[in-house]
Amino acid sequence: MKHRIIKFLKTPFACTFMAVFFGFMVACGILLVTGYSASYSMAIIFNSIFARPKFIINVILKSVPVILTGLSVAFAFKSGLFNIGAEGQYIISTVVSVITGIIFDFHPVIQIPLVIISGMLAGALLGSIVGYLKSKFGIHEVLTSIMLNWIALYTCNYVSMCERFHKPDSDGTYMINPSGYTLVLNNWKFSESGREFLKHNFILNDIILKTDFNLNFIFCVIICVLVWFLIYKTKKGYELRVSGLNPDAARNAGINVERNIIFTMVISGLLSGLAGAFTVTGTSSHNIQTLSMFENYGFNGLSVALISGSSPIGCIFAGLLFSGLLYAGQSLQYKIGAPSEIINILIGVIVFFVAIIRIVPILLNKYLEREENLNVK
Amino acid sequence: MLSNILIAISITLMYSAPLTLAAIGGVISEKCGVVNIGIEGMMSIGALAGATVGYFTGNAWLGLLCAGISGGLLALLHAIASINFRADQTVSGLAINLIGPGLAIFLSKYFFDGAALSLPVPSKLPKIINTKLLQDTKFANFNIDISVILALIIVLLTWFIMYKTKWGLRVRATGEHPAAVDTLGVSVYKIRYFCVIISGILAGLGGGTVTLAIISQFTPTAISGQGFIALAAVIFGKWRPFGAYFACLLFGFSQALVVILGGGEINISSSILAMIPYVLTIIVLILFVGRSSAPKASGIPYEKGSR
Amino acid sequence: MENIEISDKFAVQMRGITKIFNNHRALDFVNLDVKKGETHAILGENGAGKSTLMNILYGIYGADSGEIFINGRPVDIKNPSVAINHGIGMVHQHFMLIEKFSVMQNIILGNETTDKFGVINTRKARKKVQEIISKYNMNIDLKKKVRNISVGTQQKVEILKALYRGAEILILDEPTAVLTPYEIEELMNIIKNLKQDNKTVIIITHKLKEIKKSSETCTIIRKGKFIDRVDVIGQTEQNLAQKMVGREVKLQVNKTPAKPGEKIFEIQNINVLCDRNLKTVKNLSLELRKGEIYGLAGIEGNGQKELLEAIIGTRKVESGKIIMNNSEIQNTSTRNVLDHKISVIHEDRHKNSCVLSMSVADNMILTKYSKKPFCVNNMLNYEERDKFTEKLIQDYDIRPSNCKNQKIRNLSGGNQQKLIIAREISNDPDLLIAVQPTRGLDVGAIEYVHKILIKLRDQNKAILLISLELDEILDISDRIGVIYDGSIVGEFSQEMANENNIGLLMAGGKTNEAQDN
């Protein structure tokens, strides 16, 4: 019996669940100490995620970028690399997608892939720089990634203010040409007949009209499955896992570890780039703005990857959790005035417990084994 | 020209001081074998604590003290996770980076009625050169904060302790081969706890000097990336106090370059200028830094009895 | 077995020591009695629990039950500093030295002599250290960095460290494992001097010859259990071996003379640099024929590691050629080298030849994952992998037999090694390079590995055996080369080779001197 419990506690699911649970406990504690009602806060969080179809859809839509950046980080983790540069790859991708989206105006069938692929390639380029510098010069990936994040940020600011793209009297650029939008039924829902139809259907109205309804999430899930397939079913994936877990053994088995580092960073960059491109094509305002600090899509990806235990499929759920919490945080501040940063703390605490909780079943196991063994005597 | 040089020197020193404090913290932690990626979070909480205590007590020094303590407390969490729980130090450090800034803004809103900005502190940390005396001279722009001196003292002191005293010897040994230290009857855990907490205190002080010496109040962007730059300085400086100091100065200098070029006649976009420090760092890395020479046991949890 | 009473005639007495690791009893009610001033051996196979017992005495582990008496008085050794205070010193098998530090820094670490403010002053310590050095006739340069001194000297530094702390009881864990015959002589002299100085010495070993040479009494441990305590005089090696292993063992390897065939592998004048860009392999040449075992003897750090890496293509060859089956393979890629039917059993299996946190099945295909049938059209075929794994588990009797999906980390060292050997041999190599293939294995497993190597030779394969264990080289090689300072300094046929002539060359002696011996 005891062993079965321990076995269960050892499963990644149980570990993550415990971490999330403890995260909420600590967050409630902080709310209580600072004079807010914990139970009411939790109710608000729950409500603002599930109360209306619009909320649910928004949580799902907003989860796309964090799932993808999370996937990007998780993929790099699997091959032993720490892609703290997802943030920069995300930003540079939004920049390049916006540039292509403004300059060109083809039929959507060409325009959409063009915008998205250009963004992905930009992310991949940034990733490949990190990979190249690591494999060629041995420069730590964290170091170059941090620098490139800032370079991406200032590139974003430069392009935002660049005459060709800057929209007068604003902080940002023009929107991309509508041919690049990946919104579903975008023209119809604002047309007369569309409005008329939706008026009579509350749920559809809520889902389609009141949100930037798009199908990016579905693509995002497909990508997660593809990445899972790449990691666990293909030769390349095997090479990457071996390189990540034991580079020396990988070299001795004839695996070109250096080339795999570049490959990993390119794929990782592509995924973060996709996150950026999807944001540009799929959600308003379809442009970029000057940034005074990071928007944290990439950094949030780190948390998502960690909470998911670097599992591509797990990223989907961790991303949804993350997006739900961020979304709910805003209502928390709006409704009871509790600073929305409680959500950042909550996520931080969850990650903290993810870090330490894996040892709990191990310690428990050791303790029980020792007890049993001494009893036998 | 002279005034430009003086501006350059003061900006270099001003900008590098908080970085230096935090980077030295990073060096100390890495030297004992614990990777501290959570510097950013510790700086954030230090910045908030410094500004808040500075505002309510009116005493900037007391603020600075509390900035150090708050950073140390956050570091304690990291220490518990990475030493006792043998957690992945990167994950734990990232958690600190989420908790630190979140908690800082949360508390700012709590103490200042929902504002993410704190109210300005009544008195900043003193300058060592009185600006009033120099007001009408060529040296009017030559401003040096006390934090600059503090940073320099910390660098010297850390170097001295690390390389000249028995404590330094033990810390370095712990980062290289913890089991060896253990077999000599010196507690690895104690040394690591001590170093990680000191590391947090220094990062907290670094954050405190930002809000108490440079901008006089806490804002959500007061600490935006300095912790990561400090982390970069640790690696860049090859895990040595003076190396890290040099890296921070280089970084400060390129910031000064941005300011001076921005004020000059050449018409370059401020965004492009702002990239200079980062591009410069990458170039310097390619040219001068080869394979890294981190302490051998850095990042590896120590389990008693393992080799 | 008489029950010895606790008395102050004994430096160390341990009673009923039990220690549990990962659900098995590493030590089960073990007793130990060591008289003051004697040299006592603890004999047992790898994994029998010798080191664990001594680590408990030295306070690195706590025992789960049992008592310890020093000089007849009960003590509670919570940590090494308590042990040090009781006059216990320990030289670990894997030296506890910090390579970046100087010898002096290593000696004083944790026990520093200082001026004001904790500033280290080595002058004060130097006098004491020099006294010990001259007393025991050790030749050590205190200023040198540890990474720049030989393994033998490093061991002396470890002994010095213990004596500097005033050790009266000195534990040596497998002290001769990495030494040349000459260095072993030196060590034996140091031990004699220690004895004259009335110090108590405990030697952990699984080598029978050494016990006869060094010790008066001996405690034998098998699979965590106390077997016997005997006076060494009056015991034969055969006798001791039987007690250690628990069955009759053959001390000699059975093998027929080799019938070498054509040349298959050749190294011509290669030069290789080490990590610090020093020339470490110098103009080295050697050749191997089908159907022979070539033993490469040498002390650690004479270029073996760099030579191996140069062969398998993970290190650049500066000049010279490596030829396998008539094609040059130097400076190509590891994949190319492996494709030329070369397989390697690496010394450090955890670091170099398996992925500990992957399953047994995944590890089974590590050197063949890209070949059919395991990989078709860039996809892995898990069915083939599993079938193959199950077959090898059965053929090589890897235990537990249902371990296919377990992480390889959970297997015992012997079974991990079996798995790796099975995998490499299943590649059907023309040349098998085996580096320390029996490191850390027990007698049964060692016999098994040796048998397999000889069987492979009899199937007309070439085998390059690189080992630090001279006995192993002498036992199973057909031809023996000695590597010193990056070059082959002498080659012998098995009949001509003996401990003396090889040992002399290993330590840097001249060839003609070796032949005189």
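Residue numbers (my numbering), protein chains in the order written: chain C, -3 to 373; chain A, 479 to 785; chain W, 5 to 521. Beta carbons are placed, not taken as given, at the ideal position from N, Cα and C, and that holds for glycine.
Handout entry: W/I349, enclosing beta strand (DSSP E) - first and last residue
Key = Position 345 of the third sequence, counted from the first residue, corresponds to residue 349 of chain W. Taken as a continuous stretch (DSSP letters only), the beta strand (DSSP E) holding W/I349 covers 346 to 349.
Exercise for the section: On a CA-only basis, which of C/G31, C/L144, C/E83 is nearest C/G297? Give me that one, please. Expected result: To locate residue 297 of chain C, count along the first sequence from 1; it is residue 301. With distances taken between Cα atoms, C/G297 lies closest to C/E83.
Problem - W/S538 and W/M192 closer than 8 Å at C-beta - result: Beyond the ends of chain W as shown, which are 5 and 521, falls residue 538 of chain W; an answer cannot be given.
Exercise for the section: Scan the region 240 to 266 of chain C for residues whose Cβ lies nearer than 9 Å to a Cβ of chain W and list them as they occur along the chain. Expected result: L241, N242, D244, A245, A246, R247, N248, A249, G250, I251, N252
Handout entry: Beta-ladder partner(s) of W/Q17, from DSSP
Key = Along the third sequence, read from residue 1 onward, the residue named residue 17 of chain W stands at position 13. Beta-bridge pairing links W/Q17 to W/D37, W/F73.
Handout entry: Residues of the region 697 to 710 of chain A with Cβ closer than 9 Å to any Cβ of chain C, in chain order
Key = P698, T699, S702, G703, F706, I707, L709, A710
Practice task
Say whether chain A places a C-beta atom closer than 8 Å to the C-beta of W/I88.
Solution key: Indexing the third sequence from 1 puts residue 88 of chain W at position 84. It does; some Cβ of chain A falls within 8 Å.
Practice task
Compare the beta carbon distance of W/V161 and W/N110 with 8 Å and say whether it is the shorter of the two.
Solution key: On the third sequence, position 157 is the one that residue 161 of chain W refers to. On the third sequence, position 106 is the one that residue 110 of chain W refers to. In contact: W/V161 and W/N110 (Cβ atoms closer than 8 Å).
Handout entry: Residue-level contact to chain C via CB, W/V348, 8 Å cutoff
Key = Translated into the one-based positions of the third sequence, residue 348 of chain W becomes position 344. Chain C contact via Cβ: present.
Practice task
Compare the C-beta of A/D660 against all C-beta atoms of chain W and say whether one is closer than 8 Å.
Solution key: Taking the first residue of the second sequence as position 1, residue 660 of chain A is located at position 182. Answer yes: the Cβ-Cβ gap between A/D660 and chain W drops below 8 Å somewhere.
Exercise for the section: Spatial neighbours of C/L236 within its chain, please: CB distance less than 8 Å, with the 5 preceding and 5 following residues excluded, ordered by chain position. Expected result: Reading the first sequence from its first residue, position 240 is the one you call residue 236 of chain C. Within the same chain, C/L236 has close Cβ partners K74, S75, I227, N256, F259, T260.
Problem - For W/R233, the first and last residue of its enclosing beta strand (DSSP E) - result: As a working note, residue 233 of chain W is residue 229 in the third sequence. Counting along the chain, the beta strand (DSSP E) containing W/R233 begins and ends at 229 to 235.
Problem - Through-space distance from A/E781 to W/L468, alpha-carbon basis - result: What you label residue 468 of chain W is simply residue 464 of the third sequence in a count that begins at 1. What you label residue 781 of chain A is simply residue 303 of the second sequence in a count that begins at 1. Using only the alpha carbons, I get a separation of about 37 Å.
Exercise for the section: Report the three-state DSSP secondary structure of W/R127 (helix, strand or coil). Expected result: On the third sequence, position 123 is the one that residue 127 of chain W refers to. W/R127 falls in the helix class under three-state DSSP.
Handout entry: C-beta neighbour in chain C for W/N356, strict 8 Å
Key = Walking along the third sequence from the start, residue 356 of chain W turns up at place 352. Yes - at least one Cβ of chain C is within 8 Å of the one on W/N356.
Exercise for the section: Say whether chain A places a C-beta atom closer than 8 Å to the C-beta of W/I106. Expected result: Along the third sequence, read from residue 1 onward, the residue named residue 106 of chain W stands at position 102. The residue asked about is misnamed: residue 106 of chain W is Ser in this sequence, not Ile. For W/S106, the answer is no, since every Cβ of chain A falls outside 8 Å of its Cβ.
Exercise for the section: Could you name the residues of the same chain whose beta carbon sits closer than 7 Å to that of C/G240, not counting the 5 residues immediately before and after it, in chain order? Expected result: Residue mapping note: residue 240 of chain C aligns to position 244 of the first sequence, counting from 1. The answer, listed in chain order, is K74, S75, G76.
Practice task
Ignore the nearest five residues each way along the sequence and tell me which others in C/I135's own chain have a CB closer than 7 Å to its CB.
Solution key: As a position in the first sequence, residue 135 of chain C is number 139, starting the count at 1. Cβ within range, chain order: L129.
Handout entry: Boundaries of the alpha helix (DSSP H) in which W/Q246 is found, first to last residue
Key = Counting from 1 along the third sequence, the entry for residue 246 of chain W is found at position 242. 241 to 249 is the extent of the alpha helix (DSSP H) around W/Q246.
Exercise for the section: Go through its chain and collect everything with a Cβ distance to C/K373's Cβ below 8 Å, but skip five positions before and after it. Expected result: Walking along the first sequence from the start, residue 373 of chain C turns up at place 377. Its pLDDT being 45, under 50, C/K373 is placed unreliably in this model, and the coordinates cannot settle the point.
Practice task
Inspect the CB distances between the region 45 to 57 of chain C and the region 287 to 305 of chain C and report whether three or more fall short of 8 Å.
Solution key: no
Exercise for the section: Please classify W/L212: does DSSP put it in a helix, a strand, or coil? Expected result: Counted from its first residue, the third sequence places residue 212 of chain W at position 208. Of the three classes helix, strand and coil, the one that applies to W/L212 here is helix, per DSSP.
Exercise for the section: Using a Cβ cut-off of 9 Å, pull out every chain A residue sitting near W/M58, in sequence order please. Expected result: Numbered from its first residue, the third sequence carries residue 58 of chain W at position 54. Ordered by position in chain A, no residue passes the 9 Å Cβ test against W/M58, which lies about 12 Å from the chain.
Handout entry: Rounded separation between W/D497 and W/E252 - CA only
Key = In the third sequence, residue 497 of chain W corresponds to position 493, counting from 1. In the third sequence, residue 252 of chain W corresponds to position 248, counting from 1. The residue asked about is misnamed: residue 497 of chain W is Ser in this sequence, not Asp. Roughly 30 Å between the two C-alpha positions.
Exercise for the section: Consider the Cβ of A/R785: report whether some Cβ of chain C lies at a distance smaller than 8 Å. Expected result: To locate residue 785 of chain A, count along the second sequence from 1; it is residue 307. With a pLDDT of only 40 at A/R785, under 50, the local geometry of the prediction cannot be trusted, and no value is derived from it.
Exercise for the section: Answer with yes or no whether the minimum CB distance from C/L298 to chain A is below 8 Å. Expected result: Here the question's residue 298 of chain C lines up with position 302 in the first sequence. With 8 Å as the cut-off, C/L298 counts as an interface residue toward chain A.
Handout entry: DSSP three-state assignment for A/C510, whether helix, strand or coil
Key = Counting from 1 along the second sequence, the entry for residue 510 of chain A is found at position 32. Coil.
Practice task
Would you list the residues sitting across from W/K149 in a DSSP beta bridge?
Solution key: Locating residue 149 of chain W in the third sequence gives position 145, where the first residue counts as 1. W/K149 is bridged to W/S106.
Problem - Contacts of C/K232 in chain W (Cβ-Cβ under 9 Å) - result: Numbered from its first residue, the first sequence carries residue 232 of chain C at position 236. Neighbours of C/K232 on chain W, chain order: N382.
Exercise for the section: For W/T393, count neighbouring Cβ atoms within 10 angstroms of its own Cβ and tell me buried if that reaches 16, exposed if not. Expected result: Here the question's residue 393 of chain W lines up with position 389 in the third sequence. With 16 or more Cβ atoms within 10 Å of its Cβ, W/T393 is classed as buried.
Problem - Proximity test, Cβ basis, 8 Å: C/V94 and chain A - result: The sequence position of residue 94 of chain C within the first sequence is 98, counting from 1. Not one chain A Cβ lies under 8 Å of C/V94.
Problem - W/L508 to W/E187 span [Cα, whole Å] - result: Translated into the one-based positions of the third sequence, residue 508 of chain W becomes position 504. Translated into the one-based positions of the third sequence, residue 187 of chain W becomes position 183. Looking at the two C-alpha atoms, the distance is approximately 10 Å.
Exercise for the section: Please decide whether A/T498 counts as near chain C, where near means a Cβ-Cβ distance under 8 Å. Expected result: Start at 1 with the first residue of the second sequence, and residue 498 of chain A comes out as number 20. No, A/T498 does not count as interfacial toward chain C.
Practice task
Quick one: give me the first and last residue of the alpha helix (DSSP H) that W/V439 is part of.
Solution key: On the third sequence, position 435 is the one that residue 439 of chain W refers to. Unbroken run through W/V439 is the beta strand (DSSP E), 435 to 439; no alpha helix (DSSP H).
Handout entry: Beta carbon proximity, W/N521 to chain A, threshold 8 Å
Key = Here residue 521 of chain W corresponds to residue number 517 of the third sequence, with the count starting at 1. Note that W/N521 has pLDDT 48, beneath the 50 cutoff, so the model's placement of it is unreliable and the number below is only indicative. It does not: the Cβ of W/N521 has no partner Cβ on chain A nearer than 8 Å.
Handout entry: Neighbour list for W/F33 in chain A, Cβ cutoff strictly below 8 Å
Key = Counting from one through the third sequence, the residue named residue 33 of chain W turns up at place 29. Here the premise fails: no neighbours, minimum Cβ distance about 21 Å.
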